[in-house]
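Q: Position in the sequence shown counted from 1, then plus 17, gives you my numbering. From the three backbone atoms N, C-alpha and C, an ideal C-beta is built for every residue, glycine too. Predicted, not measured: the structure shown is a model, and the values here were computed from it.
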Amino acid sequence: MRFPIFKTKIEEVKKKFNLADPKERQRYFELKAGAEIEKLRDYLKENTFIAYLLGKKMSGKGTYSKMFAEVVNPERIDHFSIGDMVREVEPNLKQRKKELIDFLKKDYRGFISLEKAIEIFEKRNTETLLPTELILALVKREIARREKKALFIDGFPRDLDQISYSLFFRDLIGYREDPDIFILIDVPQSVIDERIKWRRVCPLCQTSRNLKLLPTSKIDYDQKKKEFYLLCDNPDCKGVRMVSKEGDELGIEPIRKRLEMDGKLIERSFSLYGIPKILLRNSLPVKEAKTFVDDYEITPEYSYQWSEKEKKVKIIEKPWIVLDDEGIESYSLLPPPVVVSLIKQIAEALSL
Ligand SMILES: [Zn+2]
């Protein structure tokens, strides 16, 4: 399974953009995908689509689809994850809330009774897969609540059996005559590993950053522990020290099985016929980078030095090189160039 490298470099344009700045980012998108953004906005005035996001855990599914919405039209595009939906619906299921149970009585169909399906749901742990038929009914309910919006669905299909369901899902639920699209995301395991290992979270506002790959604007040094740390810079927050979550230092080890399963799911979907597929690549070989992307589109890595004299942290930035799953030295792309490729491929899939 090899995903093509998408070219976002425009030869004659020399301008650089700071992609961390929202205003510059908007100008960047206009330059690199302005025509397609206009076509999509036009399309979304009267039409919608359903896109299934397939990527490993921490592959950036939420980031990409939210950025796509932000750039194209946040009012007409929604993103929802099965995980969030399950967490939200859980208390209502436990209390057997009437509105929910009535909906399920009408819409649930399966080989086990609705009551049994709800019991499995309540007794589940992180390993058990929820009854597919119950998930289908709940997804249908979510979609009905988001009328007239294009949707990115994250977390369905979840296993190999569910792929076939998703192919006919549109027909099953009678979701208008919307086009449906599969979005496959390819990201090296090493990228996921470092995203987890260096993740830092604000204990107050839960903002998540990365000490090595996505620091905040304020970095300080703990002289006792001899370690650098981030201070939260969310303007609505108090600016406290961000911390790593227990277990994060293990990286992908605890979720290795899950990542394997996700990988199989992507591989299987890669060979599907009849449904448009969009292929997103997070990384590209260092050797080919100059041909395909601009320097500022590549994820840098940050390291730090403490200057005892100036009592100040010195920040060192350089290109981040990782080995992809085939052992090739690669760069990881920042989200905006991946979203440029997403915008262009969706416009094409919709024949705009
Ligand atoms: Zn905070």
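Quick one: residues with CB closer than 6 Å to any heavy atom of ligand 1, in chain order, please.
A: Checking every Cβ against the heavy atoms of ligand 1 under 6 Å gives C219, L221, C222, T224, C249, N251 and C254.
Q: Assess contact between the segment 320 to 330 and the segment 43 to 56, defined as three or more Cβ pairs (one per stretch) separated by less than 8 Å. Is contact present?
A: No, the segment 320 to 330 does not touch the segment 43 to 56.
Q: In the DSSP assignment, what are the bridge partners of R217?
A: DSSP lists R226 as partners of R217.
Q: Whole angstroms is fine: what's the gap from P252's alpha carbon to T233's?
A: Rounded to whole angstroms, P252 to T233 spans 12 Å at the Cα level.
Q: Between the segment 230 to 245 and the segment 103 to 110, are three or more C-beta pairs nearer than 8 Å?
A: Touching, no, given that fewer than three Cβ pairs across the two stretches are closer than 8 Å.
Q: When you compare the segment 34 to 45 with the segment 166 to 178, are there three or more beta-carbon pairs, one atom per stretch, that lie closer than 8 Å?
A: Touching, no.
Q: State yes or no: is the C-beta of L36 within less than 8 Å of the C-beta of L230?
A: Cβ distance not < 8 Å, so L36 and L230 don't count as in contact.
Q: Look at the alpha carbon of I363 and the alpha carbon of I295, and state the distance between them as a whole number of angstroms.
A: So the two alpha carbons sit approximately 7 Å from each other.
Q: Grab me the residues of G256's own chain with a C-beta within less than 8 Å of its C-beta, minus the 5 sequence neighbours each way, in chain order.
A: Counting only Cβ-Cβ distances below 8 Å, and skipping sequence neighbours, we find K235, L248, C249 and D250.
Q: According to DSSP, simplified to helix, strand and coil, what is V208?
A: Three-state DSSP puts V208 in a helix.
Q: Between the C-alpha atoms of F169 and K214, what's the straight-line distance to the nearest angstrom?
A: Cα to Cα, the separation comes out at about 28 Å.
Q: Grab the span of the alpha helix (DSSP H) containing P302 for me, first residue to last.
A: Run containing P302: none in the alpha helix (DSSP H); it sits in the beta strand (DSSP E), S300 to P302.
Q: For a test of the three-state rule: what should DSSP assign to S76, helix, strand or coil?
A: Coil.
Q: Given P293, which residues of its chain have a CB within under 6 Å of its CB, disregarding the five upstream and five downstream residues?
A: These residues qualify, in order along the chain: I198 and A366.
Q: Do L297 and V357 have their beta-carbon atoms positioned less than 8 Å apart in this structure?
A: In this structure, L297 does not lie closer than 8 Å to V357 by Cβ.
Q: Under the three-state reduction of DSSP, which class applies to V88: helix, strand or coil?
A: Three-state DSSP puts V88 in a helix.
Q: From D124 to D101, what distance separates their C-alpha atoms?
A: Near 21 Å, if we compare the C-alpha coordinates of D101 and D124.
Q: Anyone know if the C-beta pair for Q206 and L276 falls short of 8 Å?
A: Yes, Cβ-Cβ distance for Q206 and L276 is below 8 Å.
Q: Would you kindly work out how many angstroms separate the C-alpha atoms of R163 and D95, rounded to a whole number?
A: Distance between the alpha carbons of R163 and D95 is about 8 Å.
Q: In whole angstroms, give me the CA-to-CA distance for K304 and V339.
A: Spanning the two alpha carbons is a distance of roughly 13 Å.
Q: Would you mind working out which of N227, F128, S183 and K133 sits nearest S286, comparing C-alpha positions?
A: Residue S183 is the option with its Cα nearest to S286.
Q: Given a threshold of 16 other Cβ atoms within 10 Å of its Cβ, counted over all protein chains shown, does G77 qualify as buried or as exposed?
A: The residue in question, G77, is buried, as its Cβ has 16 or more Cβ neighbours within 10 Å.
Q: At which residues does the beta strand (DSSP E) containing P317 begin and terminate?
A: Where P317 is concerned, the enclosing beta strand (DSSP E) stretches over P317 to S324.
Q: Give, in chain order, every unbroken run of the alpha helix (DSSP H) that is at least 4 residues long and sits entirely within the segment 269 to 316.
A: You should have 273 to 287 and 306 to 309.
Q: To the nearest angstrom, how far is the alpha carbon of K361 from that of I22?
A: Looking at the two C-alpha atoms, the distance is approximately 13 Å.
Q: Report the option in V89, G72 and V260 whose CA atom is closest to the CA atom of I209.
A: Ranking the options by Cα distance to I209, first place goes to G72.
Q: Run through DSSP, which three-state label would F97 get?
A: Three-state DSSP puts F97 in a strand.
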